[in-house]
Structures are given as C-alpha cells and as structure tokens.
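> Under this note's numbering, the first residue of the sequence shown carries the number 3, and numbering increases by one thereafter. C-beta: ideal position from N, C-alpha, C; glycine also.
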Amino acid sequence: MNILALDCGTNTGWASEVDGRIESGVQDFSLKRGESKGIRFLRFNTWLKIMLELTKPHIVVYEMAHLRGGHATEILVGMTTRIEEFCESKNIEWLLANPDKRKKNYRRFIVNWLTRTQDKGGSEKIRRHPAGRP
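This is how it looks when you write it as structure tokens:
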C-alpha cells in the first residue's frame with residue numbers, strides 16, 4: 003500500500019511509503035515580498051498534484067486543523083481543503099489524523115485502521131464519501 007502523510011503549514015512536512023520505500027522532506031510555501039496569499043495555495047496545488055502523481059497513494063493522511071484562529075489556522079485549513087478536493091477528484095482515500103496520533107507511527111496507525119476495517123467486512127469508511135456522492 004502506498005501512503006502519503008502530510009503535516010501542512012508554511013513549511014509542509016511530508017513522508018511517503020511507496021512499494022516499501024520510505025522518503026520524507028519539507029516543502030516551503032513562504033510568500034515572497036509583494037505576493038498575495040492566494041499564490042501560496044496555487045503553489046501548494048501544483049506541488050500536491052505532483053506528489054500524488056509520483057507516489058500514487060492508496061491513502062493520504064494529514065493532520066487535523068487546530069481551530070485556534072490566526073494566520074496558521076488559515077493556512078492549515080486552506081491546505082487541508084485542497085487535499086480533500088484532490089483526493090476526491092482522484093478517488094483516493096484520505097484520513098484525518100488527530101495531532102496526538104500524528105506523533106505515533108503513521109504506518110502502524112493506518113495498518114490498525116485497515117485491520118479494523120477488514121474485521122468489519124470492509125464496511126467502515128475513512129472519513130470521506132465515495133466520489134460523486136454526498
């Protein structure tokens with residue numbers, strides 16, 4: 003199973019497991035002098051599209067937004083909505099990770115979820131609707 007995990011923000015951390023090979027890194031979405039806030043999200047969209055094409059994930063895991071207000075929340079919410087949009091358009095499962103669970107091993111977290119799902123006959127869904135359904 004290919005996994006893409008994202009820790010969104012101005013400096014977005016990412017990790018992927020593709021065919022058993024693990025890679026990670028950080029992508030900087032800082033604004034340059036005179037740029038609008040929208041440029042950050044356009045860059046994020048382009049980067050996310052490339053990451054999804056390169057990793058071909060079966061699931062994307064990302065951190066739940068902290069709704070404390072302010073600039074960081076605006077960035078995090080903007081990025082996470084784009085993750086959901088891209089995943090829905092490509093019919094990729096996505097999982098919202100609680101920040102406490104983020105500190106644990108993503109792979110173990112996902113494997114545990116898959117085990118629970120298989121035990122229930124595959125009836126449990128990952129906080130998403132199938133593409134095209136409300």
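With DSSP as the reference, label residue 7 as helix, strand or coil.
strand
> Are residue 31 and residue 13 touching if we call contact CB-CB under 9 angstroms?
yes
> Under 8 angstroms, with one C-beta from each stretch per pair, do the segment 23–42 and the segment 86–95 reach the 3-pair mark?
The answer is no - the segment 86–95 does not touch the segment 23–42, with fewer than three Cβ pairs under 8 angstroms.
> Assign residue 18 to buried or exposed, taking buried as 16 or more other Cβ atoms, counted over all protein chains shown, within 10 Å of its Cβ.
buried
> Using only alpha-carbon positions, find the residue among 80, 61 and 63 that is nearest to residue 71.
80
> Identify whether residue 84 lies in helix, strand or coil by the three-state DSSP scheme.
Reduced to three states, the DSSP call for residue 84 is helix.
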